[in-house]
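So the sequences go chain by chain: P and S.
Under the working numbering, think of the first position of the first sequence as 1425, with each following residue one higher.
Under the working numbering, think of the first position of the second sequence as 1425, with each following residue one higher.
All C-beta atoms, glycine included, are put in the ideal place defined by N, C-alpha and C.
None of these values were measured; they are calculated from a predicted model.
There are 2 protein chains.
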Amino acid sequence: MSEGVEWALHTCLNLTWVETDEAMTAARLAAFYELPTAYLNKQLQALARAGILTSTPGPRGGFRLARRPEHITLLDVVTAIEGPGEAFRCEEVLRKGPGGRAGVDYRKACVVSQAMRQAELAWRKELAGQTLADIKETVERRAPRTPASTRDWLAGRRP
Amino acid sequence: MSEGVEWALHTCLNLTWVETDEAMTAARLAAFYELPTAYLNKQLQALARAGILTSTPGPRGGFRLARRPEHITLLDVVTAIEGPGEAFRCEEVLRKGPGGRAGVDYRKACVVSQAMRQAELAWRKELAGQTLADIKETVERRAPRTPASTRDWLAGRRP
DNA sequence: GACATGTTACTCGGATATCCGGTGTCCGAGTTCGAGAGG
DNA sequence: CCTCTCGAACTCGGACACCGGATATCCGAGTAACATGTC
């Protein structure tokens, strides 16, 4: 799985702690974890295309969450970065076999493909059941100072 | 996910239908799906190293299942090909952040990492719950002629 | 006919190229802010 | 003092290199089977 997924998740989480009326630049968000700015920008663009973030150009521009954290699941973020394709992509190897028929869609008919799809479905379901708000709440319960310190750091006021 | 996983799964499934006392060469198994022989051989080596297959060199040599299909899960095959590492590998980005501590193992402490791990655990659990025998049984119920035709084809007796 | 033996052909196994997607970087299009001149 | 205009700086957005791992291939080590010669 791509490295950018981790960056995207943590960055989106950080965005839940900044004021919703001010946008955060890719440079500021990247500096938080000492990440390469341009590359994180690329990931943020993908999140914007997926409708998870909104981007505004020009001075005072940057990124902000497009909707409330309760309505952003981990699956949304992962899909935005990794793409909609499945991890196990059935290449329909059965078609080349001696019993292969031309008109059959082996992506649906193949038992192996079905089993792998079912497993991936369980994975997706687990990710879809966790929202950014859930993560945020858990973090705040374990480290109550995180929201204030993160907000202050991103606003430029180092503690 | 690697392409070889699909090949390995189908090949192992085919091996459940051949006589257990005769080994199948990589060339024969590859020809079944018109796959590149040498590359499939590489995957079969990985399965042998994982203890799923046994390999015997020389004439009349080849590969056979190391244990009964009931004791080979889909997770075993996937792990043998993809390696034991997790798809989402936490790089502990929090360590580089302003609140990062040196002595903390963020692979276990990070909430994001925990959520991703939990999802991957669900995926693994689903794969571990399906054995080659389950797949075999389902296929035989849907296409009863598959065992005989596969065994005959692999034995060199084309129908 | 049975057995020992050398040869041969066959198989896996690892070492070796090649290709593609993720990784990383850069510069241009578009926008907003602010300064400054004019009324 | 207010407003309009112009310029400039800042931001995202997409286009351009780079690299590691998956993909694909080949040849050598080892072994079982067979043919052959001998007892």
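- Taking the C-beta atoms as reference points, phenylalanine 1487/P is found nearer than 8 Å to alanine 1450/P.
- If you draw a straight line from the Cα of asparagine 1438/P to the Cα of glutamate 1561/S, it is about 49 Å long.
- Under DSSP, the beta-bridge partners assigned to arginine 1488/S are Thr1478/S.
- For histidine 1434/P, a Cβ of chain S is located within less than 8 Å of the residue's own Cβ.
- Flagged as an interface residue toward chain P: glutamine 1542/S, by a C-beta distance shorter than 8 Å.
- Rounded to whole angstroms, arginine 1565/P and proline 1571/P show a C-alpha spacing of 11 Å.
- It is roughly 35 Å from the alpha-carbon of alanine 1454/S to the alpha-carbon of lysine 1549/P.
- The beta carbons of alanine 1504/S and leucine 1471/S sit about 5 Å from each other, so the pair counts as a contact at 8 Å.
- Not flagged as an interface residue toward chain S: tryptophan 1441/P, since no C-beta distance is shorter than 8 Å.
- In this structure, leucine 1578/S places its C-beta atom within 8 Å of the C-beta atom of arginine 1452/S.
- At a C-beta separation below 7 Å, threonine 1562/P has these neighbours in chain S: Val1535.
- Among the residues facing chain P, phenylalanine 1512/S is included, as its CB has a counterpart in that chain under 8 Å away.
- Where tyrosine 1463/S is concerned, the enclosing alpha helix (DSSP H) starts and stops at 1461-1473.
- In this structure, DSSP gives threonine 1497/S an extended state, which the three-state scheme calls strand.
- A residue is called buried when at least 16 other Cβ atoms come within 10 angstroms of its Cβ; glutamate 1430/S meets this threshold and is buried.
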